[in-house]
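> Sharing a structure with you now.
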Amino acid sequence: MEEIKLTIDGREVTAQSGQTVFQAAAAAGIHIPALCFHEQLEPYGGCRVCSVEVVTGSRSKVVASCVYPASNGLVVNTNTEKIRHIRKVLIELLLTKAPASKPIRDLAEEYGADAARFSHDASFCVLCGLCVRYCTEVKKANALCFISRGTQREVTFVPEIASRECEKCQQCFDICPTNFIRANFEMAKALTFGTEE
Amino acid sequence: MPRLNTPAELETLRKKLVKNQSASRPCITVCCGTGCRALGSVKLVDAFRAELAKQGLESSVDIKETGCHGFCEKGSVVVIYPQNICYFHVKPEDAADVVAKTIKTGELVDHLLYKDPASGEKLVYHQDIPFYKYQERTVLGDNEHINPQNIEDYIQRGGYSALVKALFQMTPESVLEEVDTANLRGRGGDGFPAGKKWRTTRDAPDPVKYVLVNCDEGDPGAFMDRSIMEGNPHCVLEGLAIGAFAVGAKEGYIYVRAEYPLAVENLYAAIRQAEEYGLLGKNILGSGFDFIVKVHEGAGAFVSGESSALMTAIEGRVGEPRPKYIRTAIKGLWDKPSNLNNVETWANVPHIINKGAEWFRSIGTEGSKGTKIFALVGKVNNTGLVEVPMGTTLRDIIFKIGGGLRDGKKIKAVQTGGPSGGCIPENLLDSPVDYDVLSKLGSMVGSGGLIIMDEETCMVDIARYFINFLSDESCGKCLPCREGLRQLVEILTRITEGKGTMADMDTLEDLSGVMSEACLCALGQQAPNPLLTTLKYFRHEYIDHIKNKHCEAGVCKALLTFYIDPDKCKACMICARNCPTDAIKGGKGLIHTIEQDKCIKCGACLDTCPAKFYAVRKISGIPIPDNVPSEPIPLNRKAE
Chain V
1 MEEIKLTIDG
11 REVTAQSGQT
21 VFQAAAAAGI
31 HIPALCFHEQ
41 LEPYGGCRVC
51 SVEVVTGSRS
61 KVVASCVYPA
71 SNGLVVNTNT
81 EKIRHIRKVL
91 IELLLTKAPA
101 SKPIRDLAEE
111 YGADAARFSH
121 DASFCVLCGL
131 CVRYCTEVKK
141 ANALCFISRG
151 TQREVTFVPE
161 IASRECEKCQ
171 QCFDICPTNF
181 IRANFEMAKA
191 LTFGTEE
Chain U
1 MPRLNTPAEL
11 ETLRKKLVKN
21 QSASRPCITV
31 CCGTGCRALG
41 SVKLVDAFRA
51 ELAKQGLESS
61 VDIKETGCHG
71 FCEKGSVVVI
81 YPQNICYFHV
91 KPEDAADVVA
101 KTIKTGELVD
111 HLLYKDPASG
121 EKLVYHQDIP
131 FYKYQERTVL
141 GDNEHINPQN
151 IEDYIQRGGY
161 SALVKALFQM
171 TPESVLEEVD
181 TANLRGRGGD
191 GFPAGKKWRT
201 TRDAPDPVKY
211 VLVNCDEGDP
221 GAFMDRSIME
231 GNPHCVLEGL
241 AIGAFAVGAK
251 EGYIYVRAEY
261 PLAVENLYAA
271 IRQAEEYGLL
281 GKNILGSGFD
291 FIVKVHEGAG
301 AFVSGESSAL
311 MTAIEGRVGE
321 PRPKYIRTAI
331 KGLWDKPSNL
341 NNVETWANVP
351 HIINKGAEWF
361 RSIGTEGSKG
371 TKIFALVGKV
381 NNTGLVEVPM
391 GTTLRDIIFK
401 IGGGLRDGKK
411 IKAVQTGGPS
421 GGCIPENLLD
431 SPVDYDVLSK
441 LGSMVGSGGL
451 IIMDEETCMV
461 DIARYFINFL
471 SDESCGKCLP
481 CREGLRQLVE
491 ILTRITEGKG
501 TMADMDTLED
511 LSGVMSEACL
521 CALGQQAPNP
531 LLTTLKYFRH
541 EYIDHIKNKH
551 CEAGVCKALL
561 TFYIDPDKCK
571 ACMICARNCP
581 TDAIKGGKGL
591 IHTIEQDKCI
601 KCGACLDTCP
611 AKFYAVRKIS
621 GIPIPDNVPS
631 EPIPLNRKAE
């Protein structure tokens with residue numbers, strides 16, 4: 001692996017080629033907030049809370065640091081006013097779905113997000129996909145999946161697999177930022193698994 | 001047909017086909033594109049066949065079912081060769097007349113001719129009809145001559161000669177150079193230079209490369225790609241093969257919407273025939289170049305038109321975009337370098353190779369070369385597909401080709417570029433269609449949708465419509481697109497219901513700004529465009545809805561009130577009988593009144609009140625006049 005140098009928030013940082021900006025920053029002790037990131041999982045780029053600015057010449061663009069490859073000479077700003085504003089609005093959107101979630105409330109406090117700005121439609125799931133991806137990539141059980149698209153998107157248990165596998169595993173419960181997957185499981189168990197018998 | 005093994009054999013076949021078609025032999029061509037099919041053109045073809053047989057002409061007159069002619073408004077469209085006589089709105093029952101008069105004696109069938117709405121003059125020939133006269137039909141032109149199910153029609157008109165030229169007289173590098181010099185820009189959305197994209201794929205180190213066609217056209221009101229794929233699929237295949245040769249691909253994929261059944265059918269037929277003739281497959285025409293094409297039928301997702309989502313879908317997974325910080329041209333389908341272009345882009349390639357980059361560059365503007373096909377729809381007289389040189393003004397397209405607005409209405413705006421495009425107001429209609437000009441105005445050329453809107457269009461409602469469409473079509477993977485669009489729809493709906501606040505305007509703008517920066521793919525990043533352009537050019541309408549509860553176009557139902565003018569009502573009961581909610585009270589000799597609680601504002605009363613009475617009124621933002629009674633009163637009270 002090749003060693004590369006990039007600048008994050010004005011600091012020169014050493015990273016390995018193949019790393020993402022998020023990983024390079026983390027290795028250098030620079031914290032970038034994220035919701036859908038998990039060390040054991042392929043980066044997803046869904047929550048966009050890890051957005052940062054990448055500067056080339058006089059231009060800058062906003063990218064998701066969890067999927068953006070670090071490269072030699074790259075200049076990254078993780079905490080500009082613009083980035084803080086983007087995160088604030090994203091967190092405000094998250095609050096509409098899961099207003100009581102501890103990680104989201106912590107982020108809201110840090111970024112001064114206004115919980116009352118958007119109308120609430122609490123589904124308690126923020127569709128970060130951690131549970132689905134963990135079940136697929138780490139457990140290789142495929143007991144969870146997304147259904148529908150857009151605003152109708154939901155996480156659901158695949159009854160045939162979940163009724164067999166999930167009771168003994170439950171590892172996704174701990175990585176869910178809103179605790180919804182636990183409730184979702186209990187509901188699926190009560191309503192769906194029973195009918196399978 | 002035996003396989004063609006050399007360019008000479010193709011040339012011999014072409015000469016034979018040209019020779020066999022006598023220039024003086026009559027031919028009835030019937031448009032069998034989707035629009036005309038819906039109007040019964042398949043039955044019309046049968047009627048012509050039966051009629052020719054009946055009148056003993058089946059062996060001396062040809063019938064040809066062609067692709068879309070573009071003038072869908074006037075279907076079924078029929079052109080009689082060799083004279084080039086155009087007939088419109090042709091129905092099966094007209095077949096007898098056409099054969100008996102035009103075919104036998106050369107006499108014209110008057111009621112099928114085009115009538116110029118301005119002068120009332122009847123126009124006979126293709127080249128005289130304004131809709132066609134002002135177009136430059138480079139890509140679409142062959143549609144009206146070719147039966148898309150017959151490869152020999154395409155070959156006869158010079159088809160596959162560009163592929164021969166590329167394979168035998170050029171190198172992959174010189175083909176690429178030609179397309180690059182021509183400055184062909186992508187016809188599907190952003191207008192990215194095709195040559196540059198091709199080169200990226202060609203230069204990518206992986207030896208396995210793919211070329212792909214994007215036929216996932218899903219914009220409301222757009223059917224450019226559909227008409228090419230249905231009407232002339234071989235020109236797309238030929239362009240694709242040339243592209244494959246240039247970038248070094250041996251396999252191509254065509255992503256086509258399953259909702260375009262005719263395009264799918266004609267495409268499969270075209271591939272099968274091209275393989276039979278040796279124009280696709282192994283060792284094409286003895287050149288040593290192998291190229292196969294596979295078809296992927298889409299599963300109904302607008303977002304699959306986005307390049308990475310399209311490739312994910314072809315791989316057999318859910319069509320969701322993935323981060324593209326490494327371009328798909330380098331790492332695309334199955335992580336291999338993949339060059340994706342839109343149907344119309346590929347269809348331009350054979351023309352560029354045949355006629356040269358300089359010819360292509362001679363058409364259009366500084367930054368946008370060649371012609372562009374637009375789907376001209378909405379409140380315009382001549383709806384259909386039009387192909388014009390880049391740089392033509394919007395006004396010329398709408399008024400010269402489109403024949404102006406229906407019912408003499410005034411134009412308010414034109415929506416360009418599909419749902420991710422924007423609305424351009426009347427005072428900017430002299431802008432040329434050019435990638436850079438339209439994007440400066442906040443809109444885009446996009447895939448080429450042009451929706452014409454008149455004064456009866458509410459721009460807040462239009463923004464709501466497009467944002468709602470995109471919200472339905474968002475894949476839901478990334479937060480700002482999924483939840484941002486949900487909130488935008490909610491706020492816009494609130495404003496159209498008269499419940500908006502001025503703070504909502506700031507929220508709309510702020511959220512749009514965040515979405516355009518932070519969304520994962522172009523669908524989300526460009527989604528705010530219809531909103532931002534209407535906010536920019538029609539801000540007063542938003543304010544009017546919020547502050548005055550007034551919708552000037554009379555569209556937003558919550559802000560409308562219907563009432564019956566007691567001085568005009570003749571108590572005829574027509575409106576009452578047509579009211580679906582029985583909201584109209586009254587009876588014989590009693591002036592009618594509308595019970596506002598029951599009224600659903602459907603406008604049936606307004607539409608059915610006899611024009612001579614003109615008693616029903618639609619108002620917005622103002623109270624019902626004091627003289628309108630709340631209960632029915634005797635008709636003669638007016639006289640008192």
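Going down the list, the sequences are from chains V and U. Residues in the first sequence are numbered consecutively from 1, following UniProt numbering. Residues in the second sequence are numbered consecutively from 1, following UniProt numbering. For glycine and all other residues, C-beta sits at the position ideal for the given N, C-alpha and C. None of these values were measured; they are calculated from a predicted model.
1. On the three-state DSSP scale, how would you describe residue 466 of chain U?
2. Name the two residues that bound the continuous beta strand (DSSP E) containing residue 425 of chain U.
3. Report yes or no: do the region 156 to 164 of chain U and the region 8 to 16 of chain U share at least 3 C-beta pairs separated by less than 8 Å?
4. Select from the region 88 to 104 of chain V all residues with a C-beta closer than 8 Å to any C-beta belonging to chain U, and list them in chain order.
5. Could you pull the start and end residues of the beta strand (DSSP E) that residue 31 of chain U belongs to?
6. Report the partner residues of residue 267 of chain U according to the DSSP bridge assignment.
7. How about residue 312 of chain U and residue 305 of chain U: do their beta carbons lie closer than 8 Å?
8. Give me the chain U residues within the contact set of residue 33 of chain V, using Cβ-Cβ distance strictly less than 7 Å, ordered along the chain.
9. According to DSSP, is residue 489 of chain U helix, strand or coil?
10. Have a look at U:588, U:591, U:595 and flag the residue whose alpha-carbon is nearest the alpha-carbon of residue 580 of chain U.
11. Residue 437 of chain U to residue 190 of chain V, Cα distance in whole Å?
12. Name, in chain order, the residues that DSSP records as bridge partners for residue 69 of chain V.
13. Go through its chain and collect everything with a Cβ distance to residue 240 of chain U's Cβ below 7 Å, but skip five positions before and after it.
14. For residue 285 of chain U and residue 167 of chain U, which I take to be in contact (beta-carbon distance under 8 Å), what is that distance rounded to the nearest angstrom?
15. Could you give the distance in angstroms between the alpha-carbon of residue 130 of chain U and the alpha-carbon of residue 37 of chain U?
16. Cα separation between residue 454 of chain U and residue 397 of chain U?
17. Could you tell me which uninterrupted beta strand (DSSP E) segments, each at least 3 residues in length, are contained entirely in the region 128 to 195 of chain V, listed from first to last along the chain?
18. What does the alpha-carbon distance come out to for the pair residue 186 of chain V and residue 473 of chain U?
19. Starting from the N-terminal side, write out each stretch of the alpha helix (DSSP H) that is 4 residues or longer and does not extend beyond the region 256 to 318 of chain U.
20. Determine the contact status of residue 114 of chain U and residue 122 of chain U, defining contact as a CB-CB distance below 8 Å.
21. Go ahead and pull the three-state DSSP assignment for residue 550 of chain U.
22. Return the residues of the region 457 to 482 of chain U that lie within a Cβ-Cβ distance of less than 7 Å from chain V, sorted by chain order.
23. Establish whether the CB of residue 484 of chain U and some CB of chain V are separated by less than 8 Å.
24. Under 8 Å, with one C-beta from each stretch per pair, do the region 457 to 464 of chain U and the region 525 to 540 of chain U reach the 3-pair mark?
25. Hey, is residue 196 of chain V's beta-carbon within less than 8 Å of any beta-carbon in chain U?
26. Leaving out five residues on either side along the sequence, give the residues of the same chain with a beta carbon under 6 Å from the beta carbon of residue 324 of chain U.
27. Express the C-alpha separation of residue 278 of chain U and residue 61 of chain V in angstroms, rounding to a whole number.
28. Can you pull the chain V neighbours of residue 325 of chain U, defined as C-beta to C-beta under 7 Å?
29. Can you name the residues of chain U whose CB is closer than 7 Å to the CB of residue 47 of chain V?
30. Quick one: what's residue 80 of chain U bridged to in DSSP?
31. State whether the region 342 to 360 of chain U contacts the region 83 to 93 of chain U, with contact taken as three or more CB pairs (one from each stretch) at a distance under 8 Å.
32. Residues in the same chain with beta-carbon distance under 8 Å from residue 26 of chain V, minus the five sequence neighbours each way, listed in chain order, please.
33. Straight-line CA distance for residue 445 of chain U to residue 221 of chain U?
34. Distance, Cα to Cα, residue 641 of chain U vs residue 480 of chain U?
35. In three-state terms, what does DSSP make of residue 87 of chain V?
36. Would you list the one or two residues that DSSP bridges to residue 61 of chain V?
In terms of the structure at hand:
1. The residue you call residue 466 of chain U lines up with position 466 of the second sequence. In the three-state DSSP reduction, residue 466 of chain U falls in the helix class (H, G or I).
2. Here residue 425 of chain U refers to the residue found at position 425 when the second sequence is read from its first residue. Element bounds for residue 425 of chain U: 422 to 425.
3. Yes, since at least three Cβ pairs between the region 156 to 164 of chain U and the region 8 to 16 of chain U fall closer than 8 Å, the two stretches touch.
4. For chain U, the residues of the region 88 to 104 of chain V that bring a beta carbon within less than 8 Å of one of its beta carbons are 89, 90, 93, 94, 96, 97, in chain order.
5. Locating residue 31 of chain U in the second sequence gives position 31, counting from the first residue. Residues 27 to 31.
6. Taking the second sequence and counting its residues from 1, the one referred to as residue 267 of chain U is at position 267. According to DSSP, residue pairing for residue 267 of chain U in a beta bridge does not occur.
7. Translated into positions along the second sequence, residue 312 of chain U becomes position 312. Translated into positions along the second sequence, residue 305 of chain U becomes position 305. No, these two residues do not count as a Cβ contact at 8 Å.
8. Reading the first sequence from its first residue, position 33 is the one you call residue 33 of chain V. Think of a sphere of 7 Å around the beta carbon of residue 33 of chain V: no beta carbon from chain U falls inside it, the nearest being about 13 Å out.
9. Position 489 of the second sequence holds residue 489 of chain U. Residue 489 of chain U: helix per DSSP, three-state reduction.
10. Here residue 580 of chain U is taken as the residue at index 580 of the second sequence, counted from 1. Selected option, being the one with the closest Cα: U:595.
11. Locating residue 437 of chain U in the second sequence gives position 437, where the first residue counts as 1. Locating residue 190 of chain V in the first sequence gives position 190, where the first residue counts as 1. A direct Cα-to-Cα measurement between residue 437 of chain U and residue 190 of chain V gives close to 59 Å.
12. Taking the first residue of the first sequence as 1, we reach residue 69 of chain V at position 69. BP columns for residue 69 of chain V point to V:20.
13. Working through the second sequence from its first residue, we reach residue 240 of chain U at position 240. Correct list, in chain order: 211, 213, 252, 293, 346.
14. Here residue 285 of chain U refers to the residue found at position 285 when the second sequence is read from its first residue. Here residue 167 of chain U refers to the residue found at position 167 when the second sequence is read from its first residue. The C-beta distance from residue 285 of chain U to residue 167 of chain U rounds to 7 Å, short enough to fall under 8 Å.
15. In the second sequence, the residue the question calls residue 130 of chain U occupies position 130. In the second sequence, the residue the question calls residue 37 of chain U occupies position 37. Looking at the two C-alpha atoms, the distance is approximately 24 Å.
16. Working through the second sequence from its first residue, we reach residue 454 of chain U at position 454. Working through the second sequence from its first residue, we reach residue 397 of chain U at position 397. Between the alpha carbons of residue 454 of chain U and residue 397 of chain U lies a distance of about 15 Å.
17. Runs found: 144 to 147, 154 to 157.
18. Here residue 186 of chain V refers to the residue found at position 186 when the first sequence is read from its first residue. Here residue 473 of chain U refers to the residue found at position 473 when the second sequence is read from its first residue. One C-alpha to the other measures close to 31 Å.
19. Runs of the alpha helix (DSSP H) spanning 4 or more residues and lying entirely within the region 256 to 318 of chain U occur at 261 to 276, 307 to 314, in chain order.
20. Locating residue 114 of chain U in the second sequence gives position 114, counting from the first residue. Locating residue 122 of chain U in the second sequence gives position 122, counting from the first residue. Yes, these two residues count as a Cβ contact at 8 Å.
21. If you number the second sequence from 1, residue 550 of chain U lands on position 550. In the structure shown, the three-state DSSP call for residue 550 of chain U is coil.
22. Cβ contacts with chain V come from 471, 472, 473, 474, 475, 476, 477, 478, 479, 480, 482.
23. Translated into the one-based positions of the second sequence, residue 484 of chain U becomes position 484. Chain V, which has a Cβ nearer than 8 Å to the Cβ of residue 484 of chain U, makes this yes.
24. The answer is yes - the region 525 to 540 of chain U touches the region 457 to 464 of chain U, with three or more Cβ pairs under 8 Å.
25. Sequence index remark: in the first sequence, residue 196 of chain V carries index 196 (1-based). In this predicted model, residue 196 of chain V has a pLDDT of only 47, less than 50, meaning its place in the structure is not dependable enough to derive any value.
26. Within the second sequence, residue 324 of chain U is the residue found at index 324, counting from 1. Residues of the same chain with a CB within less than 6 Å of the CB of residue 324 of chain U, apart from the 5 flanking positions on each side, are 308 in chain order.
27. Your numbering for residue 61 of chain V matches position 61 in the first sequence. Your numbering for residue 278 of chain U matches position 278 in the second sequence. Pairing residue 61 of chain V with residue 278 of chain U, the inter-Cα distance amounts to about 48 Å.
28. In the second sequence, residue 325 of chain U corresponds to position 325, counting from 1. In chain order: 63, 67, 68, 69.
29. Numbered from 1 along the first sequence, position 47 holds the residue referred to as residue 47 of chain V. Residues of chain U with a Cβ closer than 7 Å to the Cβ of residue 47 of chain V are, in chain order, 479.
30. Taking the second sequence and counting its residues from 1, the one referred to as residue 80 of chain U is at position 80. Under the DSSP definition of a beta bridge, residue 80 of chain U partners with U:28, U:85.
31. No, the region 342 to 360 of chain U is not in contact with the region 83 to 93 of chain U.
32. Indexing the first sequence from 1 puts residue 26 of chain V at position 26. Answer for residue 26 of chain V: 32, listed in chain order.
33. Here residue 445 of chain U refers to the residue found at position 445 when the second sequence is read from its first residue. Here residue 221 of chain U refers to the residue found at position 221 when the second sequence is read from its first residue. Taking the straight line from one Cα to the other gives about 14 Å.
34. Look at the range of chain U in this structure, 1 to 640, and you will see that residue 641 of chain U is not part of it.
35. As a first step, residue 87 of chain V must be located in the first sequence, where it is residue number 87. Assignment of residue 87 of chain V by DSSP, reduced to helix, strand and coil, places it in the helix class.
36. Stepping through the first sequence from its first residue, residue 61 of chain V is reached at position 61. DSSP lists V:54 as partners of residue 61 of chain V.
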